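There are 2 protein chains.
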Amino acid sequence: MPTGNYANQRYSQLKQITSENVAKLQVAWTFSTGVLRGHEGGPLVIGDVMYVHAPFPNTVFALDLNNDGKILWKYEPKQDPSVIPVMCCDTVNRGVAYADGMIFLHQADTTLVALGAKTGKIVWSVKNGDPSKGETGTSAPVVVKDKVLAGISGAEFGVRGHLTAYDMKTGKRVWRAYSTGPDNEMLVSPQKTTELGNAIGENSSLKTWEGDQWKIGGGSTWGWYSYDPELNLIYYGTANPSTWNPVQRPGDNKWSMTIFARDPDTGMAKWAYQMTPHDQWDYDGINEMILTDQNIGGKQRKMLVHFDRNGFGYTLDRETGELLVAEKYDPAVNWATKIDMEKNSKMYGRPLVDEKYAPGSKGENVNYTGVCPAALGTKDQQPASYSPETGLFYVPTNHVCMDYEPFRVSYTAGQPYVGATLSMYPPKGESHMGNFIAWDATKGKIVWSNPEPFSVWSGALSTAGGVVFYGTLEGYLKAVDAKTGKELYKFKTPSGIIGNVTAYEHKGKQYVAVLSGVGGWAGIGLAAGLTDPHAGLGAVGGYAALSNYTSLGGTLTVFALPG
Amino acid sequence: MPTGNYANQRYSQLKQITSENVAKLQVAWTFSTGVLRGHEGGPLVIGDVMYVHAPFPNTVFALDLNNDGKILWKYEPKQDPSVIPVMCCDTVNRGVAYADGMIFLHQADTTLVALGAKTGKIVWSVKNGDPSKGETGTSAPVVVKDKVLAGISGAEFGVRGHLTAYDMKTGKRVWRAYSTGPDNEMLVSPQKTTELGNAIGENSSLKTWEGDQWKIGGGSTWGWYSYDPELNLIYYGTANPSTWNPVQRPGDNKWSMTIFARDPDTGMAKWAYQMTPHDQWDYDGINEMILTDQNIGGKQRKMLVHFDRNGFGYTLDRETGELLVAEKYDPAVNWATKIDMEKNSKMYGRPLVDEKYAPGSKGENVNYTGVCPAALGTKDQQPASYSPETGLFYVPTNHVCMDYEPFRVSYTAGQPYVGATLSMYPPKGESHMGNFIAWDATKGKIVWSNPEPFSVWSGALSTAGGVVFYGTLEGYLKAVDAKTGKELYKFKTPSGIIGNVTAYEHKGKQYVAVLSGVGGWAGIGLAAGLTDPHAGLGAVGGYAALSNYTSLGGTLTVFALPG
Chain A
1 MPTGNYANQR YSQLKQITSE NVAKLQVAWT FSTGVLRGHE GGPLVIGDVM YVHAPFPNTV
61 FALDLNNDGK ILWKYEPKQD PSVIPVMCCD TVNRGVAYAD GMIFLHQADT TLVALGAKTG
121 KIVWSVKNGD PSKGETGTSA PVVVKDKVLA GISGAEFGVR GHLTAYDMKT GKRVWRAYST
181 GPDNEMLVSP QKTTELGNAI GENSSLKTWE GDQWKIGGGS TWGWYSYDPE LNLIYYGTAN
241 PSTWNPVQRP GDNKWSMTIF ARDPDTGMAK WAYQMTPHDQ WDYDGINEMI LTDQNIGGKQ
301 RKMLVHFDRN GFGYTLDRET GELLVAEKYD PAVNWATKID MEKNSKMYGR PLVDEKYAPG
361 SKGENVNYTG VCPAALGTKD QQPASYSPET GLFYVPTNHV CMDYEPFRVS YTAGQPYVGA
421 TLSMYPPKGE SHMGNFIAWD ATKGKIVWSN PEPFSVWSGA LSTAGGVVFY GTLEGYLKAV
481 DAKTGKELYK FKTPSGIIGN VTAYEHKGKQ YVAVLSGVGG WAGIGLAAGL TDPHAGLGAV
541 GGYAALSNYT SLGGTLTVFA LPG
Chain B
1001 MPTGNYANQR YSQLKQITSE NVAKLQVAWT FSTGVLRGHE GGPLVIGDVM YVHAPFPNTV
1061 FALDLNNDGK ILWKYEPKQD PSVIPVMCCD TVNRGVAYAD GMIFLHQADT TLVALGAKTG
1121 KIVWSVKNGD PSKGETGTSA PVVVKDKVLA GISGAEFGVR GHLTAYDMKT GKRVWRAYST
1181 GPDNEMLVSP QKTTELGNAI GENSSLKTWE GDQWKIGGGS TWGWYSYDPE LNLIYYGTAN
1241 PSTWNPVQRP GDNKWSMTIF ARDPDTGMAK WAYQMTPHDQ WDYDGINEMI LTDQNIGGKQ
1301 RKMLVHFDRN GFGYTLDRET GELLVAEKYD PAVNWATKID MEKNSKMYGR PLVDEKYAPG
1361 SKGENVNYTG VCPAALGTKD QQPASYSPET GLFYVPTNHV CMDYEPFRVS YTAGQPYVGA
1421 TLSMYPPKGE SHMGNFIAWD ATKGKIVWSN PEPFSVWSGA LSTAGGVVFY GTLEGYLKAV
1481 DAKTGKELYK FKTPSGIIGN VTAYEHKGKQ YVAVLSGVGG WAGIGLAAGL TDPHAGLGAV
1541 GGYAALSNYT SLGGTLTVFA LPG
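Chains as they are written, first to last, in the numbering used here: chain A, 1 to 563; chain B, 1001 to 1563.
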């Protein structure tokens, strides 16, 4: 799987490439996908074959690693291009999954397709959503046991988020868990499903929305899903509530902005934890959950670590959902002073919000300035990595603030349902817009932090060689020392990197691979040809300067040591 | 200039990279142009700045070599995309020229533009043609003295070819020499302009066409122009006559298919030589002229060497236009047995055509099969290289034959005026479609020949290090030994290579650079998404298999030795 393991650690046990020799890294070979715009995700190597995917139209290639990447097959779905304008943040796709001789792809038009891994022929195909309502597919499917899990994108279009399990062999839908709505449609038990140790009670979602708003309430599910086979629980986050104008949707808007732990067989939720009740910032909660077993205060814990868009790094007990640590992983974060950790407090587990930085607190059509982080969060989709050797998390971050002005918007199916304008820029007095950090999740502390001119929008990889890799929006693949953060190597790939770094072994040799192709939310200005720094979702903002560094692209670059 | 010198030798005096160490070559950095489809031409390095161009929309980038290729400026012309369907053979552009602090670009829409080399701002701009009549710009301008020379593409649309000189400082047109028509419009002198030593006489073009056909008679001028400062002569070739159906245009169709030697100050022709009178194959004569001084039969000659589409390698005296050598540079060539070299023969200098392989000889709507080379010739635009060290020419070739069926077509301005269907395939009993050869132009002999699975559609570079570089349609950059042809290095770039390899020095270090981005005529199937092997101008044919090796792209890859 692209994440390396079900724990989502993005850690490679390969150790030919070490902190001592990584400076000698070379480009081994390259491959163009034939598609421009944002290339998120990364390649997947199964045996001697590498599977490479692309943004819309979501071409998938099977490349022969024994033959310089010769194309064994190519799958290019015919998709209605009308889906493109309902993709909020570029035409990205985060990759494919493999199981049982099949490659699984979730297309932009929400077709979930199983392809023969050897042939590229369609084994089965199912529709997971409806693009005419703004539902799109951007996430990588994840296979757990005999099921393929697929989420949905579209919280900027008023979709009603859901996670769905399909039978791996037939594509038949087994269960669907909505993020909002009646208990039975959410697959929650009023008595057995808990939040912070307490039963969630009846109609836990319905009573946090005004009227029928939950039907267009967002809470999409486009992140990476993790799985603990021993506990038989899957973990994922839900996105922002719709619309972005908080004044229009009073209440906690459950279960948007929530970490869910569910039984993969039935979909039933064991526990839930809402990080940002009544979101006023678009601090979408889909970022991945990383599962580790570490010692906190002398006690070994089954941890779940999550770097939320809202700027807090959360550590929970993944068995019970108990909140262990919640600290800012960027000192610029100012929308909340802290997460209340007092178990007896009425606010337990909730952020203590600074009203000054809370859009909507003074009503609509007011510009709330200097809010940190910006809507794209201290971290967005770019996955973090965990090294069991150092016990540290390596987190690609955004160091960005915003002005946010909510306004009234009405819902029309398939039309943007945003209701806010924003502009984004670095924190006051600073000029860099990103940091690549090492994080101790047992303490909630930054161990080291490397500034980057732009957001680090690429997924990190840590390796047993003591090296951590990540990409930058200007296009550099960088290797740093896992212990100190010292930069050991950099190489300028053809385009900005928003893909996730992968390592693999072929014929006894270690390779490192990454897709370049600038885009995604941070690169949408370049990807969609926008030049107005204030256009769209604060789309361009401080990222406008990216056009001084890179252009659109779509290339896989594979690295290896010489010889 | 991209050709290295006015002699068009594409030879670099740099010698850090040698046949001994080239196997250690590494990728130094890469850059995506943000454009897909065929990337012909190559980058131009002036001081510390590299200028990179792209196919339509013809973006030009100035990259800072002191700062990892940071974008100093970007020029992206707004061009009417209606020009795309009138580009016969992909949306290619062969690059820019530099002189006097300006970068000159000939856009697809025939706008010739001078840009400040430091700013990217337009200094002047002039229209060189009319796309509504099928005239397009694909060639690189060449600056000679105080003039910018620009040709025109469109012989598949019945244009009337011309070469035009513009004042370098103002863009004002100084002279225009048509390829067909009245003597005064062609800038030829009936008495002083010679062919093979004889005055061409009055109305030399008009009397070789039926009626007004010369007005839509082709003879476009999209190749590389060379210049001998001592003789004060420029050299270039003219393209095929329009239409491709020879039955429709009786006569020699002068001066299509012709090498011209002209005075750059006045445009007046000193001599001309028509290689393929009354073309029946689309053996377009625009391929570059390479100027060398070599010894033939004990006599030092001012040579002009030209590898024509028709499969003959010509050596002429560039002062007089005397024909010295004309031999096949691919043994598969069968449309003519030889070029008549008997000075007293009525056929002197003309090909002795084999009627069996002469489309139209038995009328229209007859399929002429097994004709070698195919319409794209034994060599097309891909420039050859000459090494003064070895005295050899390095020629990227096509090893392709065709079936050709002429049919009647009527002329409509701006519509294809082709009048033939064809399909292309390797010579009978063979499976490879290209060779990279070394050629002795004093004798007309192949010295060595390396087979390639596909046409070698990339321009070659020879260097003082004894290495010759070229690219392949699958995407390999290859380095071979200049003396023996032995392959010393190969690297798989992101996409198929149809660009020209360039070498440059920066801060005392030698670099080699090439654009990848499959397309051009040979790659049009991939570039334009055609899948029918018999579609268009035999467009896909045997090249359909290319899709097993590569995808569209647009990336500059820069190589260097380690350290």
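From the three backbone atoms N, C-alpha and C, an ideal C-beta is built for every residue, glycine too. Remember, it's a predicted structure, so these values are computed and weren't measured experimentally.
field: Under 8 Å from the C-beta of A:N58: neighbouring residues of chain B
entry: Within the first sequence, numbered from 1, the residue matching residue 58 of chain A stands at position 58. None at all; the shortest Cβ gap to chain B is about 14 Å.
message = Would A:A114 and A:N128 qualify as a contact pair, given that the criterion is a beta-carbon distance under 8 Å?
response = Within the first sequence, the letter at position 114 stands for residue 114 of chain A. Within the first sequence, the letter at position 128 stands for residue 128 of chain A. Cβ distance not < 8 Å, so A:A114 and A:N128 don't count as in contact.
Inset, instruction - Since I believe B:G1466 is in contact with B:A1482 (beta carbons under 8 Å), could you give me their beta-carbon distance rounded to a whole number of angstroms? - result: Counting from 1 along the second sequence, the entry for residue 1482 of chain B is found at position 482. Counting from 1 along the second sequence, the entry for residue 1466 of chain B is found at position 466. So it is a contact: roughly 5 Å between Cβ atoms.
Distance between A:Y51 and A:T623 (C-alpha atoms, nearest Å)
Here chain A comprises residues numbered 1 to 563, so residue 623 of chain A is not present and cannot be evaluated.
With three or more C-beta pairs closer than 8 Å as the rule, is the segment 1033-1040 of chain B touching the segment 1090-1110 of chain B?
These segments touch.
Who are the near neighbours of A:W124 in its chain, counting only those whose CB is closer than 7 Å to its CB and skipping five residues on each side? Counted from its first residue, the first sequence places residue 124 of chain A at position 124. Excluding residues within five positions, the ones whose Cβ falls inside 7 Å are A114, T170, G171.
C-beta contact flag for A:G321 and A:W271 at 8 Å: Taking the first residue of the first sequence as 1, we reach residue 321 of chain A at position 321. Taking the first residue of the first sequence as 1, we reach residue 271 of chain A at position 271. Against a cut-off of 8 Å, the Cβ pair of A:W271 and A:G321 comes out as a contact.
Report the neighbours of A:T33 on chain B: residues whose CB is nearer than 7 Å to its CB, in chain order. Position 33 of the first sequence, counted from the start, is the residue given in the question as residue 33 of chain A. Result: S1551.
Q) B:I1216 and B:R1262: beta carbons closer than 8 Å? A) Taking the second sequence and counting its residues from 1, one reaches residue 1216 of chain B at position 216. Taking the second sequence and counting its residues from 1, one reaches residue 1262 of chain B at position 262. Taking C-beta atoms as the reference points, B:I1216 and B:R1262 fail to come closer than 8 Å.
- Query: Where do the ends of the beta strand (DSSP E) carrying A:G471 lie?
  - Reply: Taking the first residue of the first sequence as position 1, residue 471 of chain A is located at position 471. It spans 467-471 - the beta strand (DSSP E) in which A:G471 sits, taken as one unbroken run.
#### Entry: Length-filtered (3 minimum) beta strand (DSSP E) runs lying within the segment 339-395 of chain A
For the segment 339-395 of chain A, whole beta strand (DSSP E) runs of length 3 or above, ordered along the chain, are 351-353, 368-371, 385-387.
Handout entry: DSSP state of A:K70 mapped onto helix, strand, coil
Key = For the purposes of this step, residue 70 of chain A is identified with residue 70 of the first sequence, where counting begins at 1. DSSP places A:K70 within a strand segment (E or B) once states are collapsed to three.
| task | Run through the segment 256-326 of chain A for me and flag every whole beta strand (DSSP E) of 3 or more residues, listed as ranges in chain order. | result | Complete beta strand (DSSP E) runs here, min 3: 258-262, 269-274, 289-296, 299-307, 312-317.
**Request:** Report the neighbours of A:K70 on chain B: residues whose CB is nearer than 7 Å to its CB, in chain order.
**Result:** Within the first sequence, numbered from 1, the residue matching residue 70 of chain A stands at position 70. Listed by position along chain B, the residues whose Cβ is nearer than 7 Å to that of A:K70 are N1548, Y1549.
- Task: Identify every residue that forms a DSSP beta bridge with A:E195.
- Result: Position 195 of the first sequence, counting from 1, holds the residue named residue 195 of chain A. Answer by DSSP bridge pairing, in chain order: A:N198.
query: Counting only beta-carbon atoms, is B:K1492 nearer than 8 Å to chain A?
result: Here residue 1492 of chain B corresponds to residue number 492 of the second sequence, with the count starting at 1. At a cut-off of 8 Å between beta carbons, B:K1492 contacts chain A.
In this structure, how does DSSP classify A:W214 when only helix, strand and coil are distinguished? Taking the first sequence and counting its residues from 1, the one referred to as residue 214 of chain A is at position 214. It is helical.
Exercise for review: Out of A:N398, A:P494, A:G219, A:I497, state which residue places its alpha-carbon closest to the alpha-carbon of A:N310.
Suggested key: As a working note, residue 310 of chain A is residue 310 in the first sequence. Ranking the options by Cα distance to A:N310, first place goes to A:N398.
Exercise for review: Using a Cβ-Cβ cut-off of 8 Å, state whether B:T1502 counts as contacting chain A.
Suggested key: Against the second sequence, residue 1502 of chain B aligns to sequence position 502. Chain A contact via Cβ: absent.
Practice prompt. Assign B:R1160 to one of two classes, buried (16 or more other C-beta atoms within 10 Å of its C-beta) or exposed (fewer than that).
Written response: Counting from 1 along the second sequence, the entry for residue 1160 of chain B is found at position 160. By the neighbour-count rule (16 or more Cβ atoms within 10 Å), B:R1160 is buried.
Handout entry: Whether B:F1157 touches B:G1137 by CB criterion (8 Å)
Key = Residue mapping note: residue 1157 of chain B aligns to position 157 of the second sequence, counting from 1. Residue mapping note: residue 1137 of chain B aligns to position 137 of the second sequence, counting from 1. No, they are not a contact pair.
inquiry  = Which of the three DSSP states is assigned to A:E135 in this structure?
reply    = Indexing the first sequence from 1 puts residue 135 of chain A at position 135. Reduced to three states, the DSSP call for A:E135 is coil.
Practice problem: Provide the residue(s) that pair with B:M1402 in DSSP beta bridges, ordered along the chain. | Solution: Working through the second sequence from its first residue, we reach residue 1402 of chain B at position 402. Bridge partners of B:M1402 according to DSSP: B:V1371, B:M1424.
Do we get a CB-CB distance below 8 Å when we pair A:L231 with the residues of chain B? Against the first sequence, residue 231 of chain A aligns to sequence position 231. Taking 8 Å as the CB threshold, A:L231 stays off the interface with chain B.
- Do you know offhand how far A:V60's Cα is from A:S516's? Taking the first sequence and counting its residues from 1, one reaches residue 60 of chain A at position 60. Taking the first sequence and counting its residues from 1, one reaches residue 516 of chain A at position 516. Spanning the two alpha carbons is a distance of roughly 16 Å.
Between which two residues does the beta strand (DSSP E) containing B:N1450 stretch? In the second sequence, the residue the question calls residue 1450 of chain B occupies position 450. Note, B:N1450: beta strand (DSSP E), 1445-1452.
**OP:** Compute the beta-carbon to beta-carbon distance between B:R1173 and B:L1231, rounded to the nearest angstrom, for a pair I have assumed lies under 8 Å.
**Re:** For the purposes of this step, residue 1173 of chain B is identified with residue 173 of the second sequence, where counting begins at 1. For the purposes of this step, residue 1231 of chain B is identified with residue 231 of the second sequence, where counting begins at 1. Not a contact, Cβ separation roughly 24 Å.
Exercise for the section: For the segment 460-474 of chain A and the segment 497-509 of chain A, state whether three or more C-beta atom pairs, one from each stretch, are separated by less than 8 Å. Expected result: Enough Cβ pairs lie closer than 8 Å, so yes.
Would you grab the beta carbon distance between A:G360 and A:Q280 for me? Rounded to a whole angstrom, and I think it's under 8 Å.
Position 360 of the first sequence, counted from the start, is the residue given in the question as residue 360 of chain A. Position 280 of the first sequence, counted from the start, is the residue given in the question as residue 280 of chain A. Between A:Q280 and A:G360 the Cβ distance is about 5 Å, and since that is below 8 Å, they are a contact.
| query | If you draw a straight line from the C-alpha of B:Y1328 to the C-alpha of B:L1187, how long is it? | reply | Your numbering for residue 1328 of chain B matches position 328 in the second sequence. Your numbering for residue 1187 of chain B matches position 187 in the second sequence. Here residue 1328 of chain B is Lys; the residue named in the question, Tyr, does not match the sequence. Those two C-alpha atoms are separated by around 32 Å.
Using the beta-carbon count (16 or more within 10 Å), is B:N1066 buried or exposed? Here the question's residue 1066 of chain B lines up with position 66 in the second sequence. B:N1066 is exposed by the Cβ-count criterion.
*asked:* Here's the rule: buried if 16 or more other CB atoms are within 10 angstroms of the residue's CB, otherwise exposed. What is B:E1195?
replied: In the second sequence, residue 1195 of chain B corresponds to position 195, counting from 1. Under this definition B:E1195 is a buried residue.
Per DSSP, what kind of secondary structure is A:A140 in: helix, strand or coil? What you label residue 140 of chain A is simply residue 140 of the first sequence in a count that begins at 1. Three-state DSSP puts A:A140 in coil, outside helix and strand.
Taking all protein chains shown into account, decide if B:D1048 is buried (16 or more other Cβ within 10 angstroms of its Cβ) or exposed. Your numbering for residue 1048 of chain B matches position 48 in the second sequence. Per the 10 Å Cβ criterion, exposed.
Outcome for A:L352 when other beta-carbon atoms lying within 10 angstroms are tallied against a minimum of 16: Residue numbering aside, residue 352 of chain A sits at position 352 when the first sequence is read from its first letter. Here A:L352 is exposed. Its C-beta has fewer than 16 other C-beta atoms within 10 Å.
- request: Answer with buried or exposed for A:P494, where buried requires no fewer than 16 other C-beta atoms within 10 angstroms of its C-beta.
  value: Here the question's residue 494 of chain A lines up with position 494 in the first sequence. Burial is judged here by how many other beta carbons sit within 10 angstroms of a residue's own beta carbon; A:P494 has at least 16 and is buried.
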